[in-house]
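Our numbering puts the first residue of the sequence shown at 4, with every later residue one more than the last. Glycine included, each C-beta is placed from N, C-alpha and C at the ideal position. In this text, all values refer to a predicted model and were calculated from it rather than measured experimentally. Below is one structure; the comments refer to it alone.
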Amino acid sequence: MSKRLSIRQKQWFLIAHIVFFTAWLGGALCMFLLGLWAIMNGQKHDLAQTYTLIHLIDDTLIKFPAIGTLVTGFILSIWTHWGVTRYYWVIIKEVLTILIILMGIFFLSDWLSEVVAIAEKHGASALGYQEFIMRRNQLLVAGFFNILAMVSMVIISVIKPWGKRKGEHSTAPARS
C-alpha cells in the first residue's frame with residue numbers, strides 16, 4: 004500500500020468506519036434501553052431472557068463493530084494526512100475508543116455474564132440479590148458513559164477542535 008490512501012480508498016475506509024461505528028453505537032443504545040426497560044418493568048418479564056438478549060447484542064453489535072471501528076480508524080489515521088498523533092482531536096478519539104473497548108473486555112463483559120447467570124438461576128427473584136442489582140446498575144452507568152463518549156467522538160469528528168499538536172508541522176519540505 005502506498006504512503007497515502009487514494010481518494011477512493013479513503014472513501015471506502017471512511018464508509019466502513021462509519022458503518023462499524025453506527026452498529027457499535029446502535030448496539031450500545033439497544034443494550035442501554037433494554038437495561039432500562041428491565042428495571043422499569045421489574046418482575047413483569049423474564050429477566051433471564053432480557054439479559055440474554057442484551058448479551059446477544061453485546062456479542063453481535065458491540066464486539067466486532069468496536070474492533071472494526073478501531074481498525075478502520077487507525078487505517079484512516081495512518082494513511083491520510085490526519086496522522087495518529089498529529090491532531091489533538093484524533094488522539095482524543097483514539098483514547099476514547101481504546102478505553103471503551105478495554106472497559107468492555109475487562110469489566111462489562113464479565114458483569115453481563117454474571118447478570119445473565121444470576122437471572123437464569125433465580126428468575127425474577129434475582130431482583131432480591133444484591134450482586135444482581137449492583138452489576139445491573141454498573142452495566143447501566145457504564146453503558147451511559149460509553150454512549151456519551153461515542154456521541155462525543157461524533158461531535159469531535161465534525162468540529163475537529165484543538166488543532167495540531169505543538170511541534171507538528173506540515174509534511175512539506177522546508178524552503179531555504
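Open item on the list: What does the alpha-carbon distance come out to for the pair Glu192 and Phe67?
Closed with: Nothing can be reported for residue 192, as the shown portion of the chain is limited to 4 through 179.
- [ ] Would you kindly work out how many angstroms separate the C-alpha atoms of Asp49 and Ala19, rounded to a whole number?
- [x] Translated into the one-based positions of the sequence shown, residue 49 becomes position 46. Translated into the one-based positions of the sequence shown, residue 19 becomes position 16. Each residue's Cα considered, the two are about 36 Å apart.
Task: Outcome for Ala175 when other beta-carbon atoms lying within 10 angstroms are tallied against a minimum of 16 - done: As a working note, residue 175 is residue 172 in the sequence shown. Interpretation of Ala175 is limited by its pLDDT of 44, a score under 50 that renders its predicted location unreliable; no figure is taken from the coordinates.
Task: CB of Val65 within 8 Å of CB of Gly30, strictly - done: Taking the first residue of the sequence shown as 1, we reach residue 65 at position 62. Taking the first residue of the sequence shown as 1, we reach residue 30 at position 27. The question names Val, but residue 65 is Ile in the sequence shown. In this structure, Gly30 lies closer than 8 Å to Ile65 by Cβ.
Open item on the list: Does the structure place the region 144-163 close enough to the region 27-46 that three or more beta carbon pairs sit under 8 Å?
Closed with: yes
Task: Terminal residues of the alpha helix (DSSP H) in which Ala51 lies - done: One-based indexing of the sequence shown puts residue 51 at position 48. Here the alpha helix (DSSP H) through Ala51 covers 50-60.
Task: DSSP beta-bridge partners of Tyr90 - done: Walking along the sequence shown from the start, residue 90 turns up at place 87. Paired residue(s): Lys167.
Task: Same chain, Cβ closer than 8 Å to Thr100, neighbours up to 5 away in sequence not counted - done: Here residue 100 corresponds to residue number 97 of the sequence shown, with the count starting at 1. So the qualifying residues of the chain are Ala69, Thr72, Leu73, Gly76, Met156.
Task: Coil, strand or helix - Ser155 by DSSP - done: Residue 155 sits at position 152 when you count from the first residue of the sequence shown. Three-state DSSP puts Ser155 in a helix.
Task: Assumed close pair Trp165, Gln141 - CB separation to whole angstroms, cut-off 8 Å - done: Reading the sequence shown from its first residue, position 162 is the one you call residue 165. Reading the sequence shown from its first residue, position 138 is the one you call residue 141. About 32 Å separates the two Cβ atoms, so there is no contact after all.
Task: Backbone CA spacing between Ser128 and Ile21 [nearest angstrom] - done: In the sequence shown, the residue the question calls residue 128 occupies position 125. In the sequence shown, the residue the question calls residue 21 occupies position 18. Cα to Cα, Ser128 sits roughly 41 Å from Ile21.
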